[in-house]
Structure formats: structure tokens, C-alpha cells
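Beneath this line is the structure, given in C-alpha cells, with notes to follow.
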Amino acid sequence: MTTAQEVTTLSHFIGGEMTAGKSGRYGLVYNPTTGEVIAKVPLASVEETRVAIAKAQTVFPKWRDTSVAKRTEIVLKFRNLITENMDELLQIICRESGKTVEDAKGEITRGLESVDLAIGAPHLVKGEYSVDVGGQINAYSAKYPLGVVAAISPFNFPIMVPLAQTSMAIAVGNAVVLKASERVPMTSLYVSELWKKAGLPDGIWTVVNGDKDAVNEILENPSVQAISFVGSTPVAKYIYETGSKYGKRVTALGGGKNNMVVMPDADLEQVANAFIGAAYGAASQRCMAISTIMPVGQDTADRLVGILKDKISALKVGSYTEPDTDFGPVISQQSKDAVLAAIDRGESEGATVVCDGRDLDIVKESKGFFVGPTLLDNVKPGMEIYEQEVFGPARNIVRVDSLDEAIELINQHELGNGVTIFTNDGFAARQFTTQIDVGMVGVNVPIPIPVGYHNFAGFKGSRFGEGHMFGPDQARFFTKTKTVSERWMTSNASTSSTFAFPSNND
Ligand code: NAD
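Just so we're aligned, residue 870 is where the sequence shown starts under this note's numbering, counting upward by one.
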């Protein structure tokens, strides 16, 4: 057991310094693998958040006026520091999130794609210029940073999501305030040290740790110009509605309930392997995890169940410190209880339990927050396990009779983050990609997460607002376009007043 003395008290990162919390309120950070408390995280008060935002606002103009070449040079140094400190980062991420080392490496690699895109910011903020649009008038439009912008991040990607939310914002000249997830705050605090080492001016990168109080101040503070939120759907909706009410630009990405449609012609061995990784990886705590596999036709379903049952039963659930672990715990005891309860309810609503993750020794005996891989068959729309996002390794089979039925069901669902189809039939794939109402679509790809230089966002309840995370849209989201018309005339040029609306016919 960890003793009380070993529990670290964390800080905020404000004005370029680790800053102790003053509110007197703390959250507990767990090692989900052991169930031990490893740190206390300060929960910022409204006043502390206000002070942090004010510091960011003070230093913003200098950063705005720094050349984009200089800014991106610092982002490049930051990128190199991430790779140089990979082992330390992996250790922190695995310890506070419970994910496996391989999974954490994948997360860092995908996060670096966003940093790479930000290094290319000069290309993405180029403006447009027109000469002689009127008498001696030239016009140009140029992208300017917004000012102080905020990111609010979820627990399940301690580094990838914050990097995706903030790298471009910094590169294009904003001051960023990150409200990191209070469940995995240590990664963002470590990242703060790397920004400082890279030479980022104090105050351009701020981490405010906290909960609703900090978030509500971010939503209401007039200095905050834009908010990038990633988290669950109810909170995303709240952030979008409240932030918009206070006049901010908001993109709020929510949860997912992602389907894998399996056509009868697909190679079921390949499908099963793809499903297992995409469904159970990271203990299913990914917004793009496959929740439901939808075989088309009873024969496809029966064959698939047989293959899946054997493969899922062989999965190893355990600690990130053991190299052959397939996936680790969920983030908290509360989360574990919620997943186990969702399985119970699914069974009582009529689903058939094919693989039962409630029965593993590690689930019953470990103090870590483990849930074994669970697969429920004969799940139907209307059952809670089908309708709600379950953020843990309880997955479903929904049997359908046709591709049309699969598309209709998926399109009716409240969430529309990711979806994929496995087939060798190009016509089926084309019908699917054309008719499906989901933001990120795969064809024979288990998790269709776009690479960092493509835009990322779902549809429907998976995204509120028009912006994207990842991709070139970040440069648009974190800048405002100003259009300038200018004329330089010789001092003796003849002029007269004109009262007609300018028509630029001269
Ligand atoms: P969450 O919504 O509980 O928390 C996200 C952030 O919001 C945290 O920083 C948290 O402190 C804050 N927050 C929580 N409740 C709040 C409230 N009532 N008022 C103000 N702020 C609040 O999400 P989570 O559990 O940390 O993350 C998992 C969720 O995030 C899942 O639903 C997952 O699908 C989603 N997610 C979505 C994407 C995506 O790209 N669409 C990516 C990753 C995670």
C-alpha cells in the first residue's frame, strides 16, 4: 500500500511556474492498475482561474507579434523534447491512466502528428492578396491569432488530445489555457516543463487543474476567445451552449458509439482480429472504440461468434508492467462499477452473454479497476447497452439482415463519431460511405481515426460546433481573418468626396 507520505501534491502551471493550489480543494489521482492514490490534484477556484487567464492575456500581444518562424521553431524544439523524454512520458501516462506501454506509445505518436502539423503553421496561415481592386487599392486578407484560447480535455488520452487541441493554437500565436483532466493531470504538468525547456515564453502555456469551478470561469471569462472541448456528450453540449452564450467560438467533441458492419463476404478471421483490437484496446476507453459489431445475416453472425469467443477468452487483462498485457484497467472504481452494472442490465434486458468479463479473478480480487472483456449477443436497439456509451470493455453484437438495415440503425443513433464496414464488395462499401451519417468512416479499417493532417470530428451528439480537432481546420479555428483594403496615393493626387456606395469602378 502507498503510504500517505508518498502521495504527491500537484500544482497548476501558471505564468511559466509550477504554482501551488490555493483553493484548499483537491481531487485524488489514482494508479488504476493498483487502485492506489498516487497524487492530490488542486482544484482551482474561480479566482485562481481568473488570475491564470489574466496572466495569459498580458503576455499574448508579445507572442502574437513574434514571427511565425520563431514560434514554430519553439514548437519544433518542443516536439524533439517529447521524443527525447519518451520513456519518462510513457511511465507517467501508464501510471495515471493504466494503459499499456504499447498503447501509450501509439497515443504519443498520434499526438506528435498534431505537433508536426503545427510546425507547418506558416503554410496554413498564409493569406490572400489582390492588386488593383479599385483605384490604386490593393486588398489582402490575413489570419491573426485570437488571444487567450482554452482547451478542456478528457482522461482517456492524457497527451494526444491536449496536443491536438493546443499545438496549432500556440503555433499561430495564441496564449493557451489548458484545463487538463483532473484524473490524469501529471502528464500535462510534465508537458508544461517541456514547453518551458523549448523556450516558450512564460504565460503562453498554462495548465489550470480543476473541475466545474475552473471550467465555468473559462466559459464566462471575457478574455477567453475560443474553447476546444473533448469529453462526454452531456458535458460537450453544456460547454457548447454556455460558451456560445458568452460569445466564444466553441468546438465540443462528445462521446461515441461506434459500429463495425460485417458483410457476409468479409474474411471473418481478419474481421475478428480487427474487432478485438479496436473494441477492447485501452479497455475500450476510446471515443473511437468499436462498441457494436453488426454482422449482416444470421450465418455471418453465427460464424463470427464462434471465432470471437475463442479469441476474446484468450485476452490478457492486467498491468502495464507486464509485457504481454492486452489491456489494463478502467480509470476508476466508479467507472468499473458502471461498466459491470451496464453488463448486468444488458443481460437482464435479454442480451446473451458470450464472454463474461465479470468472472475473471483479477476483476474480483485485484484492488485495480479491472473489467474483463465482455461480449453480449442478440443486443437490440432500445436496450441501454446499445443506446448509451459504455466506457469499458463491454461490447455488443447486433444482428441485422441487410446492409440497408445496418445503415438505418446506425443513422438513427444519437451519436455519430466513427463507423466501419468490412467487405470485399466495392458497391457495398460505396453505398455505406455515401449513406452513413457518421463523421469518420472506415472501409476495412478497424478504427478510422484520421491521421493528424486530416480533420477529425464526429456528427450528431458526437460534436457540437463546427470546428475539428486535428487537421488544418485547427489553423482556421484558432485564427480570425482580417481583410484590409489599402491605397497609397501621391500627396498631390486629386480627390473628391463621393457619397455613392464604393463600387471600385475607377
Ligand atoms: P468528461 O466529460 O467527464 O470530462 C471531460 C472534461 O470536462 C474534464 O476536463 C472534466 O474535468 C470536465 N468536466 C466534467 N464534468 C464537467 C461538468 N459538469 N462541468 C464542467 N466541466 C466538466 O469526459 P471523460 O470521462 O474525462 O472522458 C471520456 C469521454 O470523452 C467519453 O465520453 C469519450 O467518448 C469522450 N472523448 C471524445 C473524444 C472525441 O474526439 N470525440 C475523444 C476522447 C474522449
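All residues carry an ideal CB built from backbone N, CA and C; glycine is no exception.
Residue environment: His-881 is assigned as buried (16 or more neighbouring CB atoms within 10 Å of its CB, all protein chains considered).
Of all alpha-carbon atoms in Gly-1042, Ser-1363, Met-1029, the one lying nearest the alpha-carbon of Val-1053 is that of Met-1029. Using a C-beta cut-off of 8 Å, the stretch 975-985 makes no contact with the stretch 1000-1010, since fewer than three inter-stretch Cβ pairs fall below that distance.
Under the DSSP assignment, Ala-1019 falls outside any alpha helix (DSSP H), being part of the beta strand (DSSP E) whose first and last residues are 1017-1021.
Looking at Gly-884, Ile-883, Gly-904, Ser-892, the one whose alpha-carbon comes closest to that of Gln-1203 is Gly-904.
Assigned with DSSP and collapsed to three states, Trp-1357 falls in coil, not helix or strand. With a contact defined as Cβ atoms closer than 8 Å, Ser-1182 and Met-1338 miss out at about 36 Å. The straight-line gap separating the alpha-carbon atoms of Thr-902 and Pro-1315 is approximately 27 Å. Looking from the CA of Lys-1114, the closest CA among Asn-1085, Pro-1103, Gln-1139, Phe-1296 belongs to Asn-1085.
Residue pairing by DSSP places Asn-900 opposite Glu-905 in a beta bridge. About 37 Å separates the Cβ atoms of Ala-1038 and Phe-1239, ruling out a contact at the 8 Å cut-off.
Here the alpha carbons of Ala-1147 and Ile-1159 stand approximately 6 Å from one another. When secondary structure is reduced to three states using DSSP, Glu-1283 falls in the coil class, being assigned neither helix nor strand. The beta carbon of Glu-1253 sits closer than 6 Å to those of Arg-1214, all from its chain and outside the five residues before and after it, given in chain order. A distance of 8 Å or more separates the beta carbons of Val-1076 and Ser-1092. Asp-1228 counts as exposed, since fewer than 16 other beta carbons sit within 10 angstroms of its beta carbon. For His-1337, no alpha helix (DSSP H) run applies, since DSSP gives it neither H nor E.
Assignment of Cys-963 by DSSP, reduced to helix, strand and coil, places it in the helix class. Between Ile-1266 and Ala-1220, the alpha-carbon positions lie close to 9 Å from each other.
DSSP places Asn-949 in no beta strand (DSSP E) but in the uninterrupted alpha helix (DSSP H) bounded by 937-953.
Pairing Glu-1051 with Ser-914, the inter-Cα distance amounts to about 14 Å.
For Lys-1048, the uninterrupted beta strand (DSSP E) run begins and ends at 1044-1048, by DSSP. Per DSSP, reduced to three states, the secondary structure at Lys-1233 is helical. Annotation: Val-1312 to Ala-1135 spans about 11 Å, alpha carbon to alpha carbon.
Counting C-beta pairs closer than 8 Å gives three or more between the stretch 1314-1333 and the stretch 1278-1292, which meets the contact rule.
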